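Trainee: Supplied in structure tokens, the structure appears directly below.
Numbering (the UniProt record's numbering), first residue to last: 1 to 395.
This is the structure we're talking about:
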């Protein structure tokens, strides 16, 4: 039995909870209270981030991308998985779909945090949010007590909002972009597709679910918005969180002796045309920031190379840089935000997928050129990073 340490209010807990349910892995969920942080999470992982998954062999896994890597590798190593549960893999085996899946995973994990944080902290979600955070401090207390203590804890997370570049000036552009680009095009896509790449979820679906569930569907104000203007996205959120319903629907048609009857990704490495507007936006707005992050991290290492007091571990933030957000080139705003060293790790994952393709097809190269991503796939990361005990170091 696995143990998931996290909370309902947590973006990344929602992502990994849905994944564990989809994979039909047995687990219990433990609320990450202050006591759990102190006695388990910090001592066992060396950091204070959730979710954390404890395995039956007493391993403690942290970071959702690496948690998914762990379970996907376990499934591949299990010979029984080939016949019984291989159809549950969330990693496409064809090059274009694998790459697009990772692009959406990165976008959901790191870029959709912007609207997620805005709609949580700048909209009318109170006292709900304070009560939710109060669960962490006083889980057995009455709601009004939870709200009192939760408000104090929530202020810490609310303080991250301006660091993401969310200000009075940028808020109208963030809302316009989220409602008329993110929700609009996802709603169009999910009108004709169950998931991003077919009849089963990929890593990209789980990356999107993090922000689109915990903050943007579960919080009252953005939930009302999604239900009204993007009902197909809301239906997708429900599918992602209730894989058992999908399983019962498909079990009647599924035949273990006929893999073709199982829910699958689209044939012939197809990328739906409905995803192209979103991919174009991904490369236009997120990838300049990722490129600059890599350059900034190289500069940071060079400046600190001769400093004997520089710690081995890379700081989570290394300064500030500019970014643009909005619906299009003529309808965006430029602001400052913090530089996250962790984003380079996520950037490397995507580039590694592209570089692992021995001979990219003309169709894939054409697709990347069409959405503005071909040049970015040629990025050369000078100072690669890796994890050592859940903390970033240079390779």
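Where is the CB? At the ideal position from N, CA and C, for every residue including glycine. Quick caveat: nothing in here was measured; it's all calculated off a predicted structure.
How about residue 265 and residue 289: are their beta carbons less than 7 Å apart?
Mentor: Pairing residue 265 with residue 289 gives a Cβ-Cβ distance that is not under 7 Å.
Trainee: Rounded to whole angstroms, what is the Cα-Cα separation between residue 8 and residue 17?
Mentor: Using only the alpha carbons, I get a separation of about 10 Å.
Trainee: So, for residue 298: in the same chain, excluding its five sequence neighbours on each side, which residues have a beta-carbon less than 8 Å away from its beta-carbon?
Mentor: 382 and 383
Trainee: Please give me, in chain order, every unbroken run of the alpha helix (DSSP H) with length at least 4 that falls completely inside the region 170 to 196.
Mentor: 171 to 177 and 183 to 190
Trainee: Between the region 195 to 213 and the region 234 to 246, do at least 3 Cβ pairs fall closer than 8 Å?
Mentor: yes
Trainee: Taking the alpha-carbon positions, what's the residue 20 to residue 108 distance?
Mentor: 18 Å
Trainee: In terms of DSSP beta bridges, what is residue 369 paired with?
Mentor: In DSSP, residue 369 forms no bridge with anything.
Trainee: Compute the Euclidean distance between the alpha carbons of residue 26 and residue 15, then round it to the nearest angstrom.
Mentor: 16 Å
Trainee: Nearest-angstrom Cα distance between residue 279 and residue 64?
Mentor: 22 Å
Trainee: Measure the alpha-carbon distance for residue 414 versus residue 208 and round it to whole angstroms.
Mentor: Coverage of the chain is limited to positions 1 through 395, which leaves residue 414 absent and any answer about it impossible.
Trainee: Counting Cβ pairs closer than 8 Å, one from the region 371 to 382 and one from the region 346 to 357, do we hit at least three?
Mentor: yes
Trainee: According to DSSP, simplified to helix, strand and coil, what is residue 70?
Mentor: helix
Trainee: So who's on the other strand from residue 387, going by DSSP bridges?
Mentor: 392
Trainee: So, are the CB atoms of residue 152 and residue 221 less than 7 Å apart?
Mentor: The Cβ atoms of residue 152 and residue 221 do not sit closer than 7 Å to each other.
Trainee: Alpha carbons only, please: which of 273, 118 and 341 is nearest the one belonging to residue 292?
Mentor: When only C-alpha atoms are compared, the closest one is 341.
Trainee: I need the DSSP call for residue 252, collapsed to helix, strand or coil.
Mentor: For residue 252, the predicted model reports a pLDDT of 47, less than 50, meaning its position is unreliable; a value from the coordinates is still stated below. Residue 252: coil per DSSP, three-state reduction.
Trainee: Distance, Cα to Cα, residue 149 vs residue 283?
Mentor: 41 Å
Trainee: According to the Cβ coordinates, are residue 10 and residue 50 closer than 7 Å?
Mentor: yes
Trainee: Do the region 180 to 197 and the region 227 to 237 make contact, defined as three or more Cβ pairs closer than 8 Å?
Mentor: yes
Trainee: To test your reading of the DSSP string, which unbroken alpha helix (DSSP H) runs of 4 or more residues are found completely within the region 206 to 235?
Mentor: Secondary structure remark: continuous alpha helix (DSSP H) runs of at least 4 residues inside the region 206 to 235, in chain order: 220 to 229.
Trainee: Comparing alpha-carbon positions, which option in 114, 102 and 333 lies nearest residue 169?
Mentor: 333
Trainee: In the DSSP assignment, the beta strand (DSSP E) including residue 106 goes from what residue to what residue?
Mentor: Residue 106 -> not in any beta strand (DSSP E); alpha helix (DSSP H) instead, spanning 95 to 106.
Trainee: Tell me whether residue 248 is buried or exposed, calling it buried when 16 or more other Cβ atoms sit within 10 Å of its Cβ.
Mentor: Any reading at residue 248 needs caution, since the residue's pLDDT is 49, under 50, leaving its predicted position unreliable; the model's value is listed next. Answer is exposed; the Cβ neighbour count stays below 16.
Trainee: Based on DSSP bridge pairs, tell me the residues matched to residue 321.
Mentor: 337
Trainee: Using the DSSP secondary-structure output, state which residues sit across from residue 404 in a beta bridge.
Mentor: This structure does not reach residue 404, given that the chain is present from 1 up to 395, and the question cannot be answered.
Trainee: Going along the chain, which residues of its own chain have a beta-carbon closer than 6 Å to the beta-carbon of residue 125, five neighbours each way excluded?
Mentor: 219, 220 and 221
Trainee: If you draw a straight line from the C-alpha of residue 44 to the C-alpha of residue 35, how long is it?
Mentor: 13 Å
Trainee: Would residue 132 be called buried (16 or more neighbouring beta carbons within 10 Å of its own) or exposed?
Mentor: buried
Trainee: Which of the three DSSP states, helix, strand or coil, is assigned to residue 435?
Mentor: Given that the chain is displayed from residue 1 to residue 395, the structure contains no residue 435 and the question cannot be resolved.
Trainee: Could you give the uninterrupted runs of the alpha helix (DSSP H) lying entirely in the region 3 to 44, keeping only those of 4 residues or more?
Mentor: 11 to 22
Trainee: Which residue comes first and which comes last in the alpha helix (DSSP H) that contains residue 158?
Mentor: 143 to 158
Trainee: Would you tell me roughly how many angstroms separate the C-alpha atoms of residue 75 and residue 88, rounded to the nearest one?
Mentor: A direct Cα-Cα distance of roughly 9 Å separates residue 75 from residue 88.
Trainee: For residue 102 and residue 142, what's the separation of their Cα atoms in angstroms?
Mentor: 42 Å
Trainee: In the DSSP assignment, find the unbroken beta strand (DSSP E) run with residue 61 in it and report its ends.
Mentor: 60 to 62
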